[in-house]
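Those sequence lines, one after another, are chains A and V.
In the numbering used here, each residue carries its 1-based index in the first sequence increased by 234.
In the numbering used here, each residue carries its 1-based index in the second sequence increased by 5.
Think of the CB as a built atom: it goes at the ideal place given N, C-alpha and C, for glycine as much as any other residue.
Keep in mind that this is a model prediction, so the values were computed, not measured.
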Amino acid sequence: MLKIEDLYVSYGGIQAVKGISFEVQNNSIVTLIGANGAGKSTTLRTIMGLVKLQSGKISLNDEILAETDTKRLPTEEIVKKGVSLVPEGRRIFPNLTVLENLKIGAYLRNDDLTEDLKHIHDLFPRLKERSWQLAGTLSGGEQQMLALGRALMSKPKLLMMDEPSLGLAPLVVKSIFEIIKEIHKQGVTILLVEQNANQALKIADEGYVLETGRITMRGTGRELLENDAVKAAYLGKKKK
Amino acid sequence: MDFPTFFQHLSNGISLGSLYALIAVGYTMVYGILRLINFAHGDIFMMAMYFAFFSITLFHLPWYIAIVVVILITSVLGMLIEAAAYRPLRDAPKTSVLISAIGVSFLLENLATYIFSGKPKSFPEFTYMTSTVQFGPVSVQRVSLLTPVVTLAALAILLYIINRTKLGMAMRAVSKDYETARVMGIKINRVIAATFAIGSGLAAIGAIMWGVKYIRIEPMMGVMPGLKCFIAAVIGGIGNPVGAVLGGFILGMGEVLLVAFISQLTGWRDAFAFVALILVLLIRPTGIMGEKTTEKV
């Protein structure tokens, strides 16, 4: 579904991404893992059109989203094509109610939202309880659920998530990943960026390790989980 | 002071307060969405007065058409200014945009002086509006009765737009986090343009009623109201439209009643606003309805 070819991105004065290529197959879960500053977030934000690519090609179902010097779709268009992002740090709108946050996720849609709202409420019962609360008063975990629900309201084909586990308690992280699996089962393709390599690789079909802007390792989720180098660097296990 | 005179002053105060309210809302909305104090806003108000003046005297438009035309042209002016002077600086440091706004202000004032001449003009007379109605011993100008009604109606419509429409929700979202708003598919340029259009349109409505009541027009007339209305927005809590209206009424009424009761202070009339500003900044800087801070740390 998503194809990244030879992507180079300069961001904040540094070469954040130095020629990465990977693909996200339809209906799969792909994860990009790596340390802070490896270029994972920058990659997602570039796909989303928030950051300009230096060179390379990003295409969605063979349609070019961005290409060196020839094309660069604005974020609004990319969203229309079915790409949704759960930003790093949640970035829910604190001055809007929980319900409004969900509705704004469906901003580009003109149809009836009741079915989808019910679906989100089934996934996240806590959000239903708090429908009329200002989103800024929610806890971190609840905000993450809201951000996820909001991203789902646009009925995306590709859901990108930027460090969903960041700053959350372990039990909350566990439930978030359960929900991600559930969403995937319902037919959404997922591109997941995470520092929590353990959880991410457990649910991923494909994984890519990013180090200072380059992909250094690739494999299935299972392969990477068993890989010694990955274990030592990202899974906190001692090198044998 | 006898009651009829007091009531006269009161109605003038409410009237002036309504006009300040309409202009203050424009300041507060632009600040809310761009964190920019649009110093040119008072001058947009001034331009609206000239648009109204020429619509009627030069183009001989009937008043009901002139009103619509003036509001439309002023809204377009606001959007043009945003596109030309503020949008290119969207990612620049805040001071750059501020300086740009001051530049636009100078530009409008001098353009008006050059094109319309610095000599004051008289707004065309609308005897129906300036004539008075009697309520027992009290007589009030019709325009003084109409102004608060129009202001409150405009506020009600604005609040409806902000709180109950998709555009309003988008405006609120963009004012907090415009990047994430883009991720929702919102075209932020359009939302910002709409904000300027609404703010300028309200200033135009204020300008028309101001012209009918106070009659005198000259190119620098937007300066003092502009400053005072910015202060009104701050007093009410900058970023909050209801606060801006409250602030406008407080300033308008305060100014008029101060001079009414203590006539020795007539020369200090304008100072009232600035004293009020200092007091608010000392006692309650976020203003009466200051932005709620419910953000999770």
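Short check: CB of residue i to CB of residue j, under 8 Å?
i, j, result
"A249 of chain V", "T33 of chain V", "yes"
"L39 of chain V", "I203 of chain V", "no"
"P290 of chain V", "P142 of chain V", "no"
"I107 of chain V", "F44 of chain V", "yes"
"M189 of chain V", "I417 of chain A", "no"
"L103 of chain V", "I42 of chain V", "yes"
"V30 of chain V", "L207 of chain V", "yes"
"N344 of chain A", "L368 of chain A", "no"
"N17 of chain V", "V261 of chain V", "yes"
"L256 of chain V", "I236 of chain V", "yes"
"A53 of chain V", "I61 of chain V", "no"
"G290 of chain A", "Y242 of chain A", "yes"
"I312 of chain A", "R384 of chain A", "no"
"G295 of chain V", "M51 of chain V", "no"
"R364 of chain A", "L351 of chain A", "no"
"K237 of chain A", "S293 of chain A", "yes"
"G453 of chain A", "D439 of chain A", "no"
"I86 of chain V", "F56 of chain V", "no"
"M101 of chain V", "L94 of chain V", "Checking the displayed sequence, the identity of residue 101 of chain V turns out to be Ser instead of Met. Yes. Within cutoff."
"H14 of chain V", "A265 of chain V", "yes"
For residue i, name the three-state secondary structure that DSSP assigns.
i, result
"E300 of chain V", "Any reading at E300 of chain V must be qualified, since the residue scores a pLDDT of 41, below 50, and its modelled position is unreliable; the value itself is stated next. Of the three classes helix, strand and coil, the one that applies to E300 of chain V here is coil, per DSSP."
"M451 of chain A", "strand"
"G204 of chain V", "helix"
"G253 of chain V", "helix"
"A269 of chain A", "coil"
"V109 of chain V", "helix"
"F128 of chain V", "coil"
"M394 of chain A", "strand"
"A250 of chain A", "strand"
"K233 of chain V", "helix"
"E440 of chain A", "strand"
"K305 of chain A", "strand"
"F44 of chain V", "coil"
"Q146 of chain V", "strand"
"K474 of chain A", "Caution is warranted here: a pLDDT of 48 is assigned to K474 of chain A, below 50, making its placement in the model unreliable, and the coordinate value is therefore given only provisionally. Residue state, collapsed to three classes: coil."
"S244 of chain A", "strand"
"S373 of chain A", "coil"
"T271 of chain V", "helix"
"I38 of chain V", "helix"
"V138 of chain V", "strand"
"T479 of chain A", "Outside the displayed range of chain A (235 to 474) lies residue 479 of chain A, so it cannot be described from this structure."
"T446 of chain A", "coil"
"I15 of chain V", "A small fix is needed here, since residue 15 of chain V is Leu in this sequence, not Ile. Looking at L15 of chain V - three-state DSSP - the assignment turns out to be helix."
"L351 of chain A", "helix"
"N461 of chain A", "coil"
Could you name the residues that DSSP lists as bridge partners for residue i?
i, result
"I298 of chain A", "A:S293"
"K237 of chain A", "A:E257 and A:S293"
"R221 of chain V", "V:S127"
"E317 of chain A", "Per the sequence shown, residue 317 of chain A should be read as Val rather than Glu. Partner(s): A:L392."
"E428 of chain A", "A:I267"
"L368 of chain A", "A:T331"
"T423 of chain A", "A:L392"
Alpha carbon to alpha carbon, what distance is there between residue j and residue i?
i, j, result
"D7 of chain V", "R147 of chain V", "21 Å"
"E334 of chain A", "M174 of chain V", "8 Å"
"D96 of chain V", "G83 of chain V", "20 Å"
"S268 of chain V", "D48 of chain V", "30 Å"
"E300 of chain V", "K181 of chain V", "The predicted position of E300 of chain V is uncertain, since its pLDDT is 41 and thus under 50; a value taken from the coordinates is nonetheless stated next. E300 of chain V and K181 of chain V: Cα-Cα distance of roughly 11 Å."
"G37 of chain V", "T423 of chain A", "37 Å"
"Q249 of chain A", "M225 of chain V", "51 Å"
"G441 of chain A", "N295 of chain A", "20 Å"
"K415 of chain A", "H353 of chain A", "15 Å"
"I293 of chain V", "P98 of chain V", "28 Å"
"V302 of chain V", "Q377 of chain A", "For V302 of chain V, the pLDDT reaches just 41, beneath the cut-off of 50, and the residue's location in the model is therefore unreliable, leaving the point undetermined."
"K474 of chain A", "E397 of chain A", "The pLDDT assigned to K474 of chain A is 48, lower than 50, so where the model puts this residue is not dependable; a value taken from the coordinates is nonetheless given after this. Approximately 29 Å, taken between the alpha carbons."
"G273 of chain A", "G246 of chain A", "12 Å"
"T298 of chain V", "R221 of chain V", "In this prediction, T298 of chain V scores a pLDDT of 48, lower than 50, which makes its location untrustworthy; no coordinate-derived value is stated."
"Y244 of chain V", "L287 of chain V", "Note that residue 244 of chain V is Gly in the sequence shown, not Tyr. Taking the straight line from one Cα to the other gives about 19 Å."
"S144 of chain V", "I19 of chain V", "15 Å"
"G259 of chain V", "L342 of chain A", "46 Å"
"V406 of chain A", "L361 of chain A", "15 Å"
"V443 of chain A", "M451 of chain A", "5 Å"
"I76 of chain V", "Y69 of chain V", "11 Å"
"R169 of chain V", "F201 of chain V", "19 Å"
"H65 of chain V", "T309 of chain A", "47 Å"
"T302 of chain A", "T280 of chain A", "12 Å"
I want to verify the contact list: residues of chain C whose CB lies under 8 Å from the CB of residue i, in sequence order.
i, result
"G339 of chain A", "Within the model displayed, chain C is absent; protein chains A and V are what it includes."
Problem - Segment contact flag, the stretch 377 to 391 of chain A with the stretch 305 to 319 of chain A, C-beta cutoff 8 Å, min 3 pairs - result: Between the stretch 377 to 391 of chain A and the stretch 305 to 319 of chain A, the count of C-beta pairs closer than 8 Å reaches three or more; the two stretches touch.
Problem - contact_flag[the stretch 266 to 282 of chain A, the stretch 419 to 428 of chain A] where n(CB pairs < 8 Å) is 3 or more - result: Judged by Cβ distances under 8 Å, the stretch 266 to 282 of chain A makes contact with the stretch 419 to 428 of chain A, as three or more pairs qualify.
Handout entry: Three-pair Cβ contact test at 8 Å for the stretch 121 to 139 of chain V versus the stretch 209 to 226 of chain V
Key = Enough Cβ pairs lie closer than 8 Å, so yes.
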